[in-house]
Amino acid sequence: MTVGSMQDSAATLRAATFRLSTTGQKQLAFISPQIAAQLWHCKDLLSTTPENTKQNSDVSVTVHRFKTKISSLLQDRTFEGRWAAVILTKAAIEAGGVEVLSKSNAWVRSLIGILKKAGDPPTTRALAVVTLTRIFMLTWDYSNLVREITTPALPGFVSTCLNNVENIRCSQSELQTVLEAFAILVPRHPTIFRTNETQMRSLLTKIISTSSSTATSGLSFSKQNKHTAHRVLVLLHQCAPKQGAAEKWDETLKSTVAAAHASCDRTFRSVIETWSSSAGVRPSVAPGTLSQGEIQLDSDEILGLAGWNGIHAGVERIENLLHHLKAYVAEGTSQAVTIRLGLVVDLLARIFSVRAAHGKEHGLQFNNQIPKDERDELFRLLPGIHVAAIELILAIMERFQHIVDSICQPLLSYVFDAFLSERRHVGMRTVGYTYLACVLDLHGASYEKQDIADMEPIIKSCCQELLPLDDSSTPGSTVASGKIAGAAGDMGLQHAKGGSSHPTALSELHAAASSLLPLCLSRLNAAYIPGKLRALIDRTAILTRHKNAMVASVLNPSPKAAGSGIETSLLPLLAKQYPNEPEVEAVLRPRMPVILANKRRNTDDEIDEEEDEDESVVEEIEIDQGNEHQTMLDANDDAQPTDGLLSALGQNTVTNDIAHSTHRSINDRSASEKRRAEEQPQLERSPKRNQPLPVVETLLPNAPDSLPGPDPVSMGANVPATIVTEQPPSSFVTAPEPSQQQQSDAVSQSAVAASQAVNKDAAQGDAESDFDEDDLPPLTMESSDAEE
62 MTVGSMQDSA ATLRAATFRL STTGQKQLAF ISPQIAAQLW HCKDLLSTTP
112 ENTKQNSDVS VTVHRFKTKI SSLLQDRTFE GRWAAVILTK AAIEAGGVEV
162 LSKSNAWVRS LIGILKKAGD PPTTRALAVV TLTRIFMLTW DYSNLVREIT
212 TPALPGFVST CLNNVENIRC SQSELQTVLE AFAILVPRHP TIFRTNETQM
262 RSLLTKIIST SSSTATSGLS FSKQNKHTAH RVLVLLHQCA PKQGAAEKWD
312 ETLKSTVAAA HASCDRTFRS VIETWSSSAG VRPSVAPGTL SQGEIQLDSD
362 EILGLAGWNG IHAGVERIEN LLHHLKAYVA EGTSQAVTIR LGLVVDLLAR
412 IFSVRAAHGK EHGLQFNNQI PKDERDELFR LLPGIHVAAI ELILAIMERF
462 QHIVDSICQP LLSYVFDAFL SERRHVGMRT VGYTYLACVL DLHGASYEKQ
512 DIADMEPIIK SCCQELLPLD DSSTPGSTVA SGKIAGAAGD MGLQHAKGGS
562 SHPTALSELH AAASSLLPLC LSRLNAAYIP GKLRALIDRT AILTRHKNAM
612 VASVLNPSPK AAGSGIETSL LPLLAKQYPN EPEVEAVLRP RMPVILANKR
662 RNTDDEIDEE EDEDESVVEE IEIDQGNEHQ TMLDANDDAQ PTDGLLSALG
712 QNTVTNDIAH STHRSINDRS ASEKRRAEEQ PQLERSPKRN QPLPVVETLL
762 PNAPDSLPGP DPVSMGANVP ATIVTEQPPS SFVTAPEPSQ QQQSDAVSQS
812 AVAASQAVNK DAAQGDAESD FDEDDLPPLT MESSDAEE
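Following this note's numbering, the numbering of the sequence shown begins with 62 at its first residue and continues without gaps.
Below, the structure is given as structure tokens:
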């Protein structure tokens with residue numbers, strides 16, 4: 062740490078101390094968050110050892126004054142001062158690190174004293190719990206600090222917290238803070254919590270078993286309190302002595318399943334269950350006694366939960382026990398345990414065998430000895446039990462992944478049947494979409510056509526969930542007679558008939574449906590998805606502007622059926638709506654850049670760029686000619702010269718005769734070069750050597766009449782049979798059509814000139830020498846026809 066930075070940190074810390082000293086007691090609660098934020102800039106100074114600060118007495122004095130001020134505020138008589146001291150203590154320990162932590166024994170004792178003060182507000186006690194928990198966590202990396210700070214202070218902290226939460230003045234936020242602190246500290250210090258295990262179990266079972274409709278001892282607990290209580294109650298098995306944590310965990314799991322079956326025996330008494338246990342579970346009470354009196358359970362001796370009374374309390378008890386089983390699956394353990402999935406699946410099969418129905422549907426038989434009102438209330442509350450059961454299945458699948466593939470298919474059928482029966486329930490649709498998304502993510506690639514047909518109702522419901530409301534497309538919303546009564550028609554209130562709901566209340570539902578939609582396209586085999594269902598999914602993706610679903614549709618197109626039209630794709634819409642997204646860029650330009658081939662080197666190991674360029678061009682033309690025009694060449698072998706060709710032959714013959722006597726004009730030469738570039742077909746390369754064709758040199762005006770090279774007539778296999786010349790407009794001359802005799806004479810003269818060229822170049826012995834085709838008359842290569 063440099064001297065300059067140390068001086069700046071000392072100035073900041075000195076200003077914070079001065080502000081704490083000069084501010085009134087009532088205003089400390091307002092300035093303490095600002096000072097706590099400034100302490101992080103002084104972390105280098107606070108974490109410096111005293112030996113390093115002895116050289117600068119001002120710095121050491123500043124640090125000492127600040128710590129002394131915090132100690133005095135912890136003992137302050139006003140709760141505003143103690144509230145500010147709790148905040149500054151946590152900030153100073155986190156900024157100072159081990160240097161400040163090692164000397165925080167006095168602060169820890171003061172914070173526990175604040176927890177015991179009855180006059181402080183719940184927020185001060187909650188902040189003190191958070192600060193002490195953070196101090197205990199920071200000592201875990203130092204065994205000496207655990208012995209000096211955590212071990213002496215933690216028993217008093219646990220007992221004080223338990224006394225506070227059992228008091229009527231405890232708020233739900235304070236209770237939640239204490240439960241979360243216990244969930245963090247129990248796995249690390251199980252032996253310390255062992256002395257308070259009985260008191261903790263009593264508190265936790267009270268929180269779990271208390272119904273929302275009734276309050277025990279004036280206490281009320283939120284869903285968050287119950288969720289955290291489930292976690293802590295599961296973690297208490299680690300407090301078992303002599304390495305008995307695994308046995309304790311297994312024992313409590315079986316007790317929870319048994320308690321759930323006992324509640325189901327009484328809650329489902331209004332229907333005659335057809336379920337038979339595969340795990341050997343027997344009824345907890347005789348069937349004859351269930352029909353007598355009101356539905357209730359005096360006490361749950363198996364798990365130690367309080368009793369309940371009424372159908373509503375019974376349904377809520379089953380939901381709490383399912384959440385407790387979920388905590389067993391989700392929470393970690395200190396030792397290896399064996400989870401009895403057979404017992405859990407057997408309980409789920411019983412719960413899903415009873416589905417909401419009004420009438421003798423799904424094979425349900427009603428117990429006529431039970432009042433109809435109780436049965437209707439059960440069917441109304443039954444979706445909540447099924448939602449908790451599906452959440453338990455999700456926890457099992459998330460924990461075990463592919464290990465539980467054998468039980469996924471039966472559970473999948475249970476969920477589908479429950480979804481079809483209770484899709485009106487918002488919670489059922491939400492967990493149904495979440496569960497199907499999890500199933501598709503794990504096993505979607507292995508599903509066949511029949512499996513996709515089974516899940517089609519859920520996928521359709523998902524699409525309808527995301528599509529905007531359109532009353533014109535729903536039956537009953539279209540007013541055939543055109544009559545809308547009263548003010549409802551004038552003000553457009555007919556939209557209320559569609560049953561629209563507030564989007565803010567269905568945010569979780571829409572999020573689950575939005576997550577499921579792209580998985581239906583990316584995980585399932587596109588060939589097995591029905592055409593109408595695929596069209597509905599694509600339409601939903603377009604109308605809702607769902608980028609992930611549109612990308613999945615483009616990457617997994619529907620296979621084109623036989624006899625169908627052009628294959629459709631959402632790529633144009635995707636590129637239009639999301640032009641700047643990286644996914645769209647990758648789909649539009651999937652190819653890698655062109656990689657140039659290795660350049661051929663000559664004898665001097667130098668790259669012949671010009672020759673390489675010519676070779677690549679010739680290879681391109683050869684591939685094009687060889688693949689696309691070979692059929693044309695074969696078909697034109699026996700073709701006869703047309704009238705247009707004969708006209709061209711006559712014109713070129715006259716041009717060649719004039720070239721023997723006079724030099725070409727500049728216009729004729731440029732026209733000839735253009736014809737050669739545009740109309741002259743490329744010659745195939747000889748197989749004797751693998752070299753590019755030589756570049757044709759431009760014939761100079763004073764060049765000789767005869768050209769070296771092979772006879773063009775003998776190269777008929779390498780030259781197209783028909784040559785059509787097209788002169789540019791500047792040199793185009795209309796000549797009279799020559800007679801048949803003139804055409805024959807022109808062909809004969811051209812053949813004689815070609816033969817002379819062959820004799821002149823025969824001494825060179827190179828059949829592939831360079832030649833210029835500028836003065837060659839355009840001939841038909843049908844020699845037999847020309848002679849005739």
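For glycine and all other residues, C-beta sits at the position ideal for the given N, C-alpha and C.
Quick caveat, the model's predicted, so the values are computed rather than measured.
Other residues of its chain near tyrosine 589: CB distance less than 6 Å, five sequence neighbours each side excluded: Here the question's residue 589 lines up with position 528 in the sequence shown. Only Lys510, Ile513 meet the Cβ criterion.
Is glutamine 88 buried or exposed, if buried means 16 or more other CB atoms sit within 10 Å of its CB? Indexing the sequence shown from 1 puts residue 88 at position 27. It is exposed - the Cβ of glutamine 88 has fewer than 16 other Cβ atoms within 10 Å.
Span of the alpha helix (DSSP H), counted from its first residue to its last, around serine 263: Numbered from 1 along the sequence shown, position 202 holds the residue referred to as residue 263. Here the alpha helix (DSSP H) through serine 263 covers 258-270.
Take leucine 188 and list the residues in its own chain whose beta-carbon comes closer than 6 Å to its own, dropping the five residues that flank it on each side. Position 127 of the sequence shown, counted from the first residue, corresponds to residue 188. Here the set comprises Val147.
Which residue marks the beginning of the alpha helix (DSSP H) containing tryptophan 168, and which one marks its end? Here residue 168 refers to the residue found at position 107 when the sequence shown is read from its first residue. Unbroken alpha helix (DSSP H) run through tryptophan 168: 166-177.
Can you tell me whether threonine 783 is buried or exposed, with buried defined as 16 or more other CB within 10 angstroms of its CB? Position 722 of the sequence shown, counted from the start, is the residue given in the question as residue 783. Summary for threonine 783: the model assigns pLDDT 38, below 50, so the residue's position carries little reliability; its value from the coordinates is reported in the next sentence. Classification for threonine 783: buried.
In angstroms, rounded to a whole number, what distance separates the CA positions of histidine 504 and cysteine 581? Position 443 of the sequence shown, counted from the start, is the residue given in the question as residue 504. Position 520 of the sequence shown, counted from the start, is the residue given in the question as residue 581. Cα to Cα, the separation comes out at about 12 Å.
Going by DSSP in three states, tryptophan 369 sits in which element: helix, strand or coil? Against the sequence shown, residue 369 aligns to sequence position 308. Tryptophan 369: strand per DSSP, three-state reduction.
Does the beta-carbon distance from serine 337 to histidine 322 come in below 8 Å? Taking the sequence shown and counting its residues from 1, one reaches residue 337 at position 276. Taking the sequence shown and counting its residues from 1, one reaches residue 322 at position 261. No, the Cβ-Cβ distance between serine 337 and histidine 322 is not below 8 Å.
When burial is assigned at 16 or more other CB atoms within 10 Å of the CB, is leucine 149 buried or exposed? Mapped onto the sequence shown, residue 149 falls at position 88. That one is buried.
Rounding to the nearest angstrom, what Cα-Cα distance links threonine 271 and glutamate 377 in this structure? Along the sequence shown, one-based indexing puts residue 271 at 210. Along the sequence shown, one-based indexing puts residue 377 at 316. Approximately 9 Å between the Cα atoms of the pair.
First and last residue of the alpha helix (DSSP H) that includes leucine 453? By one-based count along the sequence shown, residue 453 stands at place 392. Its alpha helix (DSSP H) spans residues 433-461.
Using 10 angstroms around the beta-carbon of valine 122, count the other beta-carbons present and answer buried if the total reaches 16, otherwise exposed. The residue labelled residue 122 in the question sits at position 61 within the sequence shown. The residue in question, valine 122, is exposed, as its Cβ has fewer than 16 Cβ neighbours within 10 Å.
Using a Cβ-Cβ distance cut-off of 8 Å, determine whether aspartate 137 contacts chain D. Looking at the structure shown, chain D is missing, and only one protein chain is on hand.
Taking all protein chains shown into account, do 16 or more other C-beta atoms lie within 10 angstroms of the C-beta of alanine 596, making it buried, or fewer, making it exposed? Counting from 1 along the sequence shown, the entry for residue 596 is found at position 535. Its Cβ having fewer than 16 others within 10 Å, alanine 596 is exposed.
Please classify asparagine 381 as buried or exposed, where buried requires at least 16 other C-beta atoms within 10 Å of its C-beta. By one-based count along the sequence shown, residue 381 stands at place 320. If you draw a 10 Å sphere on the C-beta of asparagine 381, you find 16 or more other C-beta atoms in it, and that means buried.
First and last residue of the uninterrupted alpha helix (DSSP H) at serine 414: As a working mapping, residue 414 is identified with position 353 in the sequence shown. Unbroken alpha helix (DSSP H) run through serine 414: 402-414.
Under DSSP, the beta strand (DSSP E) around serine 360 begins and ends at which residues? If you number the sequence shown from 1, residue 360 lands on position 299. Counting along the chain, the beta strand (DSSP E) containing serine 360 begins and ends at 357-361.
Whole-Å CB distance - threonine 184 paired with proline 216, under 8 Å assumed: Translated into the one-based positions of the sequence shown, residue 184 becomes position 123. Translated into the one-based positions of the sequence shown, residue 216 becomes position 155. 25 Å between Cβ atoms; not a contact.
Between which two residues does the alpha helix (DSSP H) holding histidine 288 run? Here residue 288 corresponds to residue number 227 of the sequence shown, with the count starting at 1. Here the alpha helix (DSSP H) through histidine 288 covers 284-296.
Kindly indicate which residue of Arg75, Pro94, Ile173, Gln95 has the alpha-carbon position closest to the one of threonine 129. Position 68 of the sequence shown, counted from the first residue, corresponds to residue 129. Considering only alpha carbons, the answer is Arg75.
Serine 473 versus lysine 593 - alpha carbon distance: For the purposes of this step, residue 473 is taken as residue 412 along the sequence shown, with counting starting at 1. For the purposes of this step, residue 593 is taken as residue 532 along the sequence shown, with counting starting at 1. It should be pointed out that residue 473 corresponds to leucine in this sequence rather than to serine. If I take the Cα positions, the gap works out to 23 Å.
In this structure, how does DSSP classify valine 332 when only helix, strand and coil are distinguished? Residue 332 sits at position 271 when you count from the first residue of the sequence shown. Reduced to three states, the DSSP call for valine 332 is strand.
The alpha helix (DSSP H) with glutamine 95 in it runs from where to where? Translated into positions along the sequence shown, residue 95 becomes position 34. Its alpha helix (DSSP H) spans residues 89-100.
State the DSSP-derived secondary structure class of glutamine 396, mapped to helix, strand or coil. For the purposes of this step, residue 396 is taken as residue 335 along the sequence shown, with counting starting at 1. Looking at glutamine 396 - three-state DSSP - the assignment turns out to be coil, as it is neither helix nor strand.
DSSP puts phenylalanine 427 in a beta bridge; with which residues? Along the sequence shown, one-based indexing puts residue 427 at 366. In DSSP, phenylalanine 427 forms a bridge with Val332.
Can you tell me whether DSSP reads methionine 489 as helix, strand or coil? Indexing the sequence shown from 1 puts residue 489 at position 428. Correct three-state label for methionine 489: helix.
For threonine 601 versus leucine 530, is the C-beta spacing smaller than 8 Å? Here residue 601 corresponds to residue number 540 of the sequence shown, with the count starting at 1. Here residue 530 corresponds to residue number 469 of the sequence shown, with the count starting at 1. Contact: no.
In chain order, what residues of the same chain have a beta carbon less than 8 Å from the beta carbon of asparagine 225, not counting five sequence neighbours either side? Taking the first residue of the sequence shown as position 1, residue 225 is located at position 164. Result list for asparagine 225: Leu176, Arg186, Cys231, Glu235, Val239, in chain order.
Buried or exposed for histidine 125, going by 16 or more other Cβ atoms inside 10 Å? As a position in the sequence shown, residue 125 is number 64, starting the count at 1. If you draw a 10 Å sphere on the C-beta of histidine 125, you find fewer than 16 other C-beta atoms in it, and that means exposed.
Under a three-way DSSP split, which group does valine 342 fall into? Stepping through the sequence shown from its first residue, residue 342 is reached at position 281. In this structure, valine 342 counts as coil in the three-state DSSP scheme.
Which residue marks the beginning of the alpha helix (DSSP H) containing histidine 125, and which one marks its end? Numbered from 1 along the sequence shown, position 64 holds the residue referred to as residue 125. Its alpha helix (DSSP H) spans residues 118-135.
First and last residue of the alpha helix (DSSP H) that includes asparagine 191? Counted from its first residue, the sequence shown places residue 191 at position 130. The sequence given here places valine at residue 191; asparagine does not occur at that position. That run of the alpha helix (DSSP H) goes 183-199.
Suppose contacts are defined by Cβ-Cβ distances below 8 Å. Is valine 415 in contact with valine 332 by that definition? Counting from 1 along the sequence shown, the entry for residue 415 is found at position 354. Counting from 1 along the sequence shown, the entry for residue 332 is found at position 271. Yes, the pair counts as a contact, with Cβ atoms nearer than the cut-off.
Same chain only: Cβ atoms within 7 Å of glutamine 299, ignoring 5 sequence neighbours per side: Translated into positions along the sequence shown, residue 299 becomes position 238. Counting only Cβ-Cβ distances below 7 Å, and skipping sequence neighbours, we find Val247, Pro248, Pro251, Ala306, Ser395.
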